[in-house]
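Here our numbering = 1-based position in the sequence shown + 5.
Idealized CB from N, CA, C, for every residue including glycine.
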Amino acid sequence: MPETHVRAATRRRQTGEATPLEVTLELTHRCNLHCVHCFLDGSRQADDLDTEQVKSVLDQLADAGTVAVAFTGGEALLRRDFLAVAEHAQRRGLFHSVQTNGTLLGKETVRGLAATNPVKVEVSLYGATPAVHDFTTTTPGSFERSVRAIGMLAGEGIRTVVNTTVMTHNCHQVRSMQALAECLGAHYSPDPMLAPAFGGSGGGLRYRCDSGQLRGFILDRGWRKACDSTRAAPSSTDRLICSAGVSKCAISPVGEVYPCVLWRQGAGSLRQAPFSKIWAGRAFAERRSTSVSDLRVCPDCRLRGVCVRCPGFAYLEDGDPFGPSSEACRVTGVFREVIDDGRGDKEEEVRAAARGVGTGAAAVGSSV
């Protein structure tokens with residue numbers, strides 16, 4: 006990245022000017038898999054931004070001081086112009102990462118992707134065996150293709166992260182999946198937070214881990230290792246406010262701008278206004294003025310010290326991003342039980358684990 010680009014973003018941050026440092030760019034909602042837990046509608050959208058429009062978005066983000074862009078979907082590799090888009094991000098000095106299921110990656114595409122110097126490529130894996138993974142994707146043969154892609158990516162020297170949404174039917178394979186990822190030269194990031202589907206469909210939620218499975222996951226060595234790089238929040242109350250709409254945002258395949266991929270309260274459309282105007286507009290200004298005191302219930306909750314609250318989850322579950330998330334309350338309650346069950350020596354470790362929940366596989370727009 007050109008030094009001037011970094012300096013510009015740093016200067017904006019130092020002066021207190023809101024800067025969209027990290028942006029998740031959904032290139033399409035189409036997908037070649039049909040995962041049982043997915044929160045997106047994988048049908049084709051006829052009005053997805055075309056190649057030149059996506060490049061224009063990247064230009065606008067670079068000019069606004071964005072440092073990192075995460076390309077995701079749906080399945081981003083379904084776009085035939087994907088490498089052209091990644092190359093443009095590189096030319097504009099944007100650190101970029103990719104989230105993919107890996108099934109469409111061949112040697113030529115992997116080499117082309119490596120040439121764009123991505124920060125990382127995240128590949129979804131839902132089982133250590135074909136039976137478990139392919140059950141999740143409802144696509145026979147997807148396990149072999151995803152595993153092959155992980156090996157090819159790591160073999161090209163690309164930082165490869167294996168993401169797992171931990172569910173009822175695969176939680177017993179977390180350690181095996183970690184071992185497989187490490188054997189292939191990849192990092193491993195499991196996450197038990199399963200988001201509700203858009204449009205009110207809750208069918209995938211039946212795959213959420215129950216409290217006993219969550220407890221085992223929290224105490225499992227594989228989870229602790231996955232959380233080693235988690236950054237501590239400044240305080241137990243500051244952690245209740247996330248950076249969505251403050252230093253991060255998301256852009257849909259049709260150009261709608263949101264605080265994040267889960268919190269889809271529209272701030273504006275790039276088909277109607279430039280990004281700079283939307284970012285400086287009323288919707289994001291109101292988001293940036295939010296403080297802990299604006300949250301309902303959460304500031305006085307006894308669980309706030311290990312809270313895994315996500316406004317996107319709260320919005321999807323109950324329509325109120327400033328209220329509690331029912332799933333966060335459930336998961337946080339299990340964290341608290343682990344701490345209270347005579348495991349005081351593990352408290353800091355469990356707190357670290359709590360800070361990592363919601364930042365991995367299920368958080369589609371994870372940090373770059």
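Contact check, residue i vs residue j, beta carbons under 8 Å
i, j, result
"Val124", "His101", "yes"
"Val128", "Ser151", "yes"
"Met182", "Ala136", "no"
"Ala69", "Leu110", "no"
"Val336", "Leu219", "yes"
"Tyr320", "Trp284", "no"
"Phe381", "Val266", "Since the displayed the chain opens at 6 and closes at 373, residue 381 lies outside it and no answer follows."
"Val167", "Leu224", "no"
"Phe327", "Asp299", "yes"
"Gly209", "His39", "no"
"Leu30", "Phe87", "no"
"Arg341", "Val297", "no"
"Leu118", "Ala67", "no"
"Cys303", "Pro264", "no"
Pick from the options that is closest to residue i, judged by C-alpha positions
i, options, result
"Ser257", "Thr24, Leu26, Leu32, Ala23", "Leu32"
"Ser216", "Cys334, Gly70, Arg96", "Cys334"
"Val28", "Leu82, Ala184, Leu63", "Leu63"
"Arg85", "Arg35, Arg97, Phe44", "Arg35"
"Arg276", "Val259, Ala159, Glu291, Tyr193", "Val259"
"Ser331", "Leu308, Phe318, Arg341", "Phe318"
"Ser294", "Ser248, Gly338, Glu113", "Ser248"
"Gln95", "Pro197, Thr169, Lys60", "Lys60"
"Thr108", "Gln270, Gly338, Asn37, Ser194", "Asn37"
"Asp52", "Leu308, Arg309, Ser274", "Ser274"
"Leu83", "Arg97, Val74, Thr105", "Thr105"
"Cys176", "Thr143, Thr142, His138", "His138"
"Phe203", "Gln270, Thr142, Thr169", "Gln270"
For residue j and residue i, the rounded distance between their alpha carbons
i, j, result
"Asp323", "Ala23", "28 Å"
"Cys306", "Arg314", "12 Å"
"Arg211", "Leu54", "34 Å"
"Gln4", "Pro279", "Summary: the structure shown does not reach residue 4, with the chain confined to residues 6 through 373, and so no result is reported for it."
"Pro25", "Val251", "7 Å"
"Gly156", "Ala89", "23 Å"
"Phe140", "His174", "9 Å"
"Ala120", "Ala288", "38 Å"
"Thr165", "Thr56", "26 Å"
"Gly78", "Glu261", "14 Å"
"Val126", "Cys254", "19 Å"
"Leu185", "Ala191", "9 Å"
"Ile246", "Pro145", "41 Å"
"Leu45", "Gly162", "31 Å"
"Gln58", "Arg292", "27 Å"
"Ser147", "Ala290", "43 Å"
"Val103", "Leu158", "12 Å"
"Gly338", "Glu80", "34 Å"
"His93", "Val115", "17 Å"
"Pro201", "Ser194", "20 Å"
"Cys188", "Gly160", "12 Å"
"Ser241", "Cys214", "For Ser241, the predicted model reports a pLDDT of 47, less than 50, meaning its position is unreliable; a value from the coordinates is still stated below. Using only the alpha carbons, I get a separation of about 26 Å."
"Asn122", "Arg301", "43 Å"
"Pro197", "Ala272", "29 Å"
"Ser281", "Glu149", "43 Å"
DSSP state of residue i mapped onto helix, strand, coil
i, result
"Val343", "helix"
"Ala133", "coil"
"Gln1", "Nothing about residue 1 can be read from this structure; the chain reaches only from 6 to 373."
"Cys254", "strand"
"Val259", "coil"
"Thr173", "coil"
"Val369", "Only weak support is given to the placement of Val369: the predicted model assigns it a pLDDT of 41, under 50, and the question is left unresolved by the model."
"Ser194", "strand"
"Ala23", "coil"
"Gly273", "strand"
"Thr121", "coil"
"Ser113", "Looking at the sequence shown, residue 113 is not Ser but Glu. Three-state DSSP puts Glu113 in a helix."
"Leu32", "coil"
"Val4", "With the chain covering only 6 through 373, there is no way to say anything about residue 4."
"Glu80", "coil"
"Ala249", "strand"
"Val128", "strand"
"Phe44", "coil"
"Cys188", "helix"
"Leu210", "helix"
"Val179", "helix"
"Leu199", "coil"
(message) Could you tell me which whole alpha helix (DSSP H) segments of length 4 or greater appear in the stretch 275–335?
(response) If only uninterrupted alpha helix (DSSP H) runs of at least 4 residues are considered, those enclosed by the stretch 275–335 are 280–284, 287–293, 316–323.
(message) So within the stretch 52–77, which uninterrupted beta strand (DSSP E) runs reach at least 3 residues, ignoring any that extend past its ends?
(response) The stretch 52–77 is shown to contain whole beta strand (DSSP E) runs of 3 or more residues at 73–77, in chain order.
(request) Ignoring anything shorter than 4 residues or poking outside the stretch 143–168, list the alpha helix (DSSP H) runs there in chain order. (result) The stretch 143–168 contains these whole alpha helix (DSSP H) runs: 147–160.
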